[in-house]
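Participant:
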Amino acid sequence: MGLSLTDEQVDELLSDVLENWGYDFSDYSRASLLRRLNRLIALDNFPSFAEFRFRVRTDRDYLKRFIEEITVNVTEMFRDPGFYQVLREQVLPAIASRPFIRIWHAGCSTGEEVYSMAIMLHEAKLLHKSLLYATDLNADVVEKAKQGIFPLGQMKDYSENYIASGGTQDFSSYYTAMYDRVIFKDWLSERMIFATHNLVSDSSFNEFQLIMCRNVLIYFDKQLQNRVFHLFDNSLESLGFLALGAKETLKFSTVTKRYRQPGKEKIWRKEKDLYGG
Amino acid sequence: MAQRERSIRRLIVIGGSAGSLDVLFRLLPMLRADFPHPIVIVLHRRANVDTMLTELLGMKTRLKLSEPEDKDPIQPGWIYLAPGDYHILFEKDGLISLDYSEKVAYSRPSIDVAFQSAADCYGADTVGILLSGANADGSDGLGVIRNAGGQTIVQLPQSAEVSFMPQQAITKQVADYILDVKGIAAFLNGMADTARL
Amino acid sequence: MSFKVLIIDDDSRNIFALGATLKSKGFRCVTATSAQQGLAILRDDPEIGIVLLDMMMPEMDGYEAIPLMKQIREVPVIAVTAQAMVGDREKCIAAGANDYISKPINVDALLQILENRKKQ
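Chains as they are written, first to last, in this note's numbering: chain A, 1 to 277; chain B, 1001 to 1197; chain C, 2001 to 2120.
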């Protein structure tokens, strides 16, 4: 099944990437990283590890591709409709009374989740007083998310997800179709702020009522996950919500004592801050 | 990188698709109650629309069975059912990592991905078992396990509801053993309690 | 002291904490929660002697705001950013910032910058 790197080779590569380009992947899940690396080597037909390593170390343009392919950007709108239904029915009503709503999509990838949230906020009549901060490690991916352009072919699945999550409007009213793509309405993206942010190295930049970080942390090892949970804890208001992916968990982290999981969905609520809230 | 946790003996990874559920319903009750090696079951499944599967399979065995969350540790005496719509991977520190990257041959979880990761992590201590199914997922991965020194078993095609999957592995010559369900149970029960290495 | 410090940040915790700290050290502070608001204040208040600018803000971010500020007046702009990767500092400087401070803010480092400004 092609070239498979050894641990030592992965270590060498990560060390190069950190020294030359400043990206630190050393606390990523090793099994996942190994898979992505082997896949990229095969995809780009590198005959040997040495050639791959050289290219990554010296070619700035290739590095962009490297980062894009090493990090997973697979996402869809209203993914796990049951989860969005709970957001719609329980989480949004709980934050609706705030004068101003701030939501952070950490690891927003190409933006599908952010547009899903904007649609839900609109239907809950909350969009006008909400700001959605969408960040990702990868500047190109963030740029794409800003455009709000998605393949037309995906819309049927997304529409089904949307309906399964409790949506009752005409899903196509949220976008304009052009040839094989759609562009989502700009009154949705007006409430979005896009920026690059690296969960490994960067710190808290605001306080939110809801942080969405779904299927991003699975690519990190346990120690890094814990650091990120602390970052989220620092960025979450008292009684704020943290939403993770369907098979992710807070249970191994040192912040877990202050969070309650009210239902079976992977949504936790931060306990009330008794000292100053 | 840490040495693999010595408390884990060997890792059994069972992959299957159409017709495999029935095999598991028959196989699991036949395993001895003190079976020490952790078992990971990878069935082609969609997103978690039914948690019934975990309960149904759980009822068929005296071993503990769960659907793991990301970074759950692999423990002896447990059976892990790979969740739908994620790939399952194994870390050298004994943890399970879930992965939501592209489907491989339209499958997520992919049996090949699981077999490959198991071989990377457990090497010759891996046992790969491929059951009934309609596509070719798993046969390449079984080859990787074999090359790493692990043992590979396929379900006897005549005993499989859909023989394509195990037959592919036989054609590619990656099967050490070709066994029916009783034979697979006997093989597993006959395994020594310790790791090979 | 002859100048005021303009703090521009959409994170109200920073506005509160920074403002309180600087006031306790004898600095006069003015705050804004958006770049637009900050530009208006800069235009109208000649006593602003230094700007602390959060780089990640809605509507107009720090990178857009810095050149506009420099057009109003040649005032030192300190970029305040949560981003810590190599290259982020250079990006801020390239956008026209005079210096860079990372979140969470090291107050001693900030005070040093402000003391230096005082001396000019």
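Glycine residues also receive a C-beta, built at the ideal position from the N, C-alpha and C atoms. None of these values were measured; they are calculated from a predicted model.
Provide the residue(s) that pair with residue 1177 (chain B) in DSSP beta bridges, ordered along the chain.
Facilitator: Here the question's residue 1177 (chain B) lines up with position 177 in the second sequence. Answer is B:1153.
Participant: For residue 9 (chain A), which residues from the same chain have a beta carbon less than 8 Å from its beta carbon, with the 5 sequence-adjacent residues on both sides left out?
Facilitator: Counting from one through the first sequence, the residue named residue 9 (chain A) turns up at place 9. 49, 53.
Participant: Does any CB atom of chain A fall closer than 7 Å to the CB of residue 2075 (chain C)?
Facilitator: Counting from one through the third sequence, the residue named residue 2075 (chain C) turns up at place 75. It does not: the Cβ of residue 2075 (chain C) has no partner Cβ on chain A nearer than 7 Å.
Participant: Beta carbon of residue 1137 (chain B), beta carbon of residue 1099 (chain B): below 7 Å?
Facilitator: One-based indexing of the second sequence puts residue 1137 (chain B) at position 137. One-based indexing of the second sequence puts residue 1099 (chain B) at position 99. It is not a contact, given that the beta carbons lie outside the stated cut-off.
Participant: Determine, using beta carbons only, whether residue 1083 (chain B) and residue 1067 (chain B) come nearer to each other than 7 Å.
Facilitator: As a working note, residue 1083 (chain B) is residue 83 in the second sequence. As a working note, residue 1067 (chain B) is residue 67 in the second sequence. Yes. Within cutoff.
Participant: How would you label residue 266 (chain A), buried or exposed, when you count the other beta carbons within 10 angstroms and need 16 or more for buried?
Facilitator: Within the first sequence, numbered from 1, the residue matching residue 266 (chain A) stands at position 266. Result: buried.
Participant: If we define contact as Cβ-Cβ less than 7 Å, is residue 207 (chain A) a contact residue for chain C?
Facilitator: Position 207 of the first sequence, counted from the start, is the residue given in the question as residue 207 (chain A). Judged by the 7 Å Cβ criterion, residue 207 (chain A) is in contact with chain C.
Participant: Please tell me whether residue 159 (chain A) has its Cβ less than 7 Å away from any Cβ of chain B.
Facilitator: Here the question's residue 159 (chain A) lines up with position 159 in the first sequence. Cβ-Cβ to chain B under 7 Å: no for residue 159 (chain A).
Participant: What does the Cβ neighbour count give for residue 2046 (chain C), buried or exposed, with the cut at 16 atoms within 10 Å?
Facilitator: Numbered from its first residue, the third sequence carries residue 2046 (chain C) at position 46. By the 10 Å Cβ count, residue 2046 (chain C) comes out exposed.
Participant: State buried or exposed for residue 1091 (chain B), treating a residue as buried only when at least 16 other CB atoms are found within 10 Å of its CB.
Facilitator: Here the question's residue 1091 (chain B) lines up with position 91 in the second sequence. With 16 or more other Cβ atoms within 10 Å, it is buried.
Participant: So what's residue 1061 (chain B) in DSSP terms, helix, strand or just coil?
Facilitator: Here residue 1061 (chain B) corresponds to residue number 61 of the second sequence, with the count starting at 1. DSSP places residue 1061 (chain B) in coil when its eight states are reduced to three.
Participant: Where does residue 228 (chain A) fall in DSSP's three states?
Facilitator: Looking up residue 228 (chain A) in the first sequence gives position 228. The answer is helix: DSSP assigns residue 228 (chain A) an H, G or I state.
Participant: Among A:190, A:212, A:7, A:162, whose alpha-carbon lies nearest the alpha-carbon of residue 199 (chain A)?
Facilitator: Your numbering for residue 199 (chain A) matches position 199 in the first sequence. Ranking the options by Cα distance to residue 199 (chain A), first place goes to A:212.
Participant: List, from N- to C-terminal side, the beta strand (DSSP E) runs of 3 residues or more that fit wholly inside the stretch 153 to 207 of chain A.
Facilitator: 175 to 178, 181 to 184, 192 to 196
Participant: Using a Cβ-Cβ cut-off of less than 9 Å, give me the residues of the stretch 25 to 41 of chain A that come near chain B, in sequence order.
Facilitator: Residues of the stretch 25 to 41 of chain A that bring their beta carbon within less than 9 Å of a beta carbon in chain B comprise 29, 30, 31, 32, 34, 35, 36, 38, 39, in sequence order.
Participant: Taking residue 1014 (chain B) as the reference, give the member of B:1133, B:1172, B:1056 with the closest Cα.
Facilitator: Position 14 of the second sequence holds residue 1014 (chain B). That would be B:1133, whose Cα lies nearest to the Cα of residue 1014 (chain B).
Participant: Return the first residue and the last residue of the alpha helix (DSSP H) that residue 1097 (chain B) is part of.
Facilitator: Taking the first residue of the second sequence as 1, we reach residue 1097 (chain B) at position 97. Careful: residue 1097 (chain B) lies outside any alpha helix (DSSP H), inside the beta strand (DSSP E) at 1096 to 1099.
Participant: Ends of the alpha helix (DSSP H) at residue 2113 (chain C)?
Facilitator: The count along the third sequence starts at 1 and reaches residue 2113 (chain C) at position 113. First-last of the alpha helix (DSSP H) with residue 2113 (chain C): 2107 to 2119.
Participant: How many Å lie between residue 1063 (chain B) and residue 1093 (chain B) at the Cα?
Facilitator: Looking up residue 1063 (chain B) in the second sequence gives position 63. Looking up residue 1093 (chain B) in the second sequence gives position 93. Looking at the two C-alpha atoms, the distance is approximately 23 Å.
Participant: Candidates A:33, A:100, A:84: which alpha carbon is nearest residue 68 (chain A)'s?
Facilitator: The residue you call residue 68 (chain A) lines up with position 68 of the first sequence. Taking only the C-alpha atoms, the option nearest residue 68 (chain A) is A:33.
Participant: Can you list the residues of chain A that residue 2051 (chain C) reaches, using a CB-CB cut of under 7 Å?
Facilitator: The residue given as residue 2051 (chain C) occupies position 51 in the third sequence. Here the premise fails: no neighbours, minimum Cβ distance about 18 Å.
Participant: Grouping DSSP H, G and I as helix and E and B as strand, with all else coil, what is residue 65 (chain A)?
Facilitator: Position 65 of the first sequence, counted from the first residue, corresponds to residue 65 (chain A). Three-state result, residue 65 (chain A): helix.
Participant: By alpha-carbon positions, which one of B:1073, B:1077, B:1127, B:1181 ends up nearest to residue 1150 (chain B)?
Facilitator: Here residue 1150 (chain B) corresponds to residue number 150 of the second sequence, with the count starting at 1. Looking at the Cα atoms, B:1127 is the closest of the given residues.
Participant: Could you tell me the boundaries of the alpha helix (DSSP H) in which residue 93 (chain A) lies?
Facilitator: As a first step, residue 93 (chain A) is located in the first sequence; it is residue number 93 there, counting from the start. Residue 93 (chain A) -> alpha helix (DSSP H) spans 92 to 95.
Participant: Tell whether a beta-carbon distance below 7 Å holds between residue 103 (chain A) and residue 18 (chain A).
Facilitator: As a position in the first sequence, residue 103 (chain A) is number 103, starting the count at 1. As a position in the first sequence, residue 18 (chain A) is number 18, starting the count at 1. No; because the gap between Cβ atoms is not below 7 Å, this pair is not in contact.
Participant: Among residues of its own chain, excluding the 5 on either side of residue 2050 (chain C), which ones have a beta-carbon nearer than 6 Å to its beta-carbon?
Facilitator: Position 50 of the third sequence, counted from the start, is the residue given in the question as residue 2050 (chain C). Only 2005, 2076, 2117 meet the Cβ criterion.
Participant: Report yes or no: is there a C-beta of chain A within less than 7 Å of the C-beta of residue 2087 (chain C)?
Facilitator: Locating residue 2087 (chain C) in the third sequence gives position 87, where the first residue counts as 1. True, the Cβ-Cβ gap to chain A drops below 7 Å.
Participant: Per DSSP, what kind of secondary structure is residue 2058 (chain C) in: helix, strand or coil?
Facilitator: Position 58 of the third sequence, counted from the first residue, corresponds to residue 2058 (chain C). Coil at residue 2058 (chain C), not helix or strand.
Participant: Of all the beta strand (DSSP E) runs that stay within the bounds of the stretch 109 to 146 of chain A, which reach a length of 3 or more residues?
Facilitator: Runs of the beta strand (DSSP E) inside the stretch 109 to 146 of chain A: 130 to 136.
Participant: Please list the partners that residue 97 (chain A) has in chain C, where partner means a Cβ-to-Cβ separation under 9 Å.
Facilitator: Residue numbering aside, residue 97 (chain A) sits at position 97 when the first sequence is read from its first letter. Residues of chain C passing the Cβ test: none, with the nearest at roughly 18 Å.
Participant: Note the first and the last residue of the continuous alpha helix (DSSP H) segment covering residue 37 (chain A).
Facilitator: In the first sequence, the residue the question calls residue 37 (chain A) occupies position 37. Note, residue 37 (chain A): alpha helix (DSSP H), 30 to 43.
Participant: Per DSSP, what kind of secondary structure is residue 2101 (chain C) in: helix, strand or coil?
Facilitator: As a working note, residue 2101 (chain C) is residue 101 in the third sequence. Residue 2101 (chain C): strand per DSSP, three-state reduction.
Participant: Taking only three categories from DSSP, how would you classify residue 3 (chain A)?
Facilitator: Your numbering for residue 3 (chain A) matches position 3 in the first sequence. Here residue 3 (chain A) sits in coil by DSSP.
Participant: For residue 2028 (chain C), report the span of its beta strand (DSSP E) as first-last.
Facilitator: By one-based count along the third sequence, residue 2028 (chain C) stands at place 28. First-last of the beta strand (DSSP E) with residue 2028 (chain C): 2028 to 2032.
Participant: I'd like the span of the alpha helix (DSSP H) that includes residue 1026 (chain B), first residue to last.
Facilitator: Within the second sequence, residue 1026 (chain B) is the residue found at index 26, counting from 1. Run containing residue 1026 (chain B): 1020 to 1027, per the alpha helix (DSSP H) assignment.
Participant: May I ask you to check if the CB of residue 1037 (chain B) is nearer than 6 Å to at least one heavy atom of the ligand FAD?
Facilitator: Absence of the ligand FAD from the depicted structure is noted, as is the absence of any ligand whatsoever, leaving it without description.
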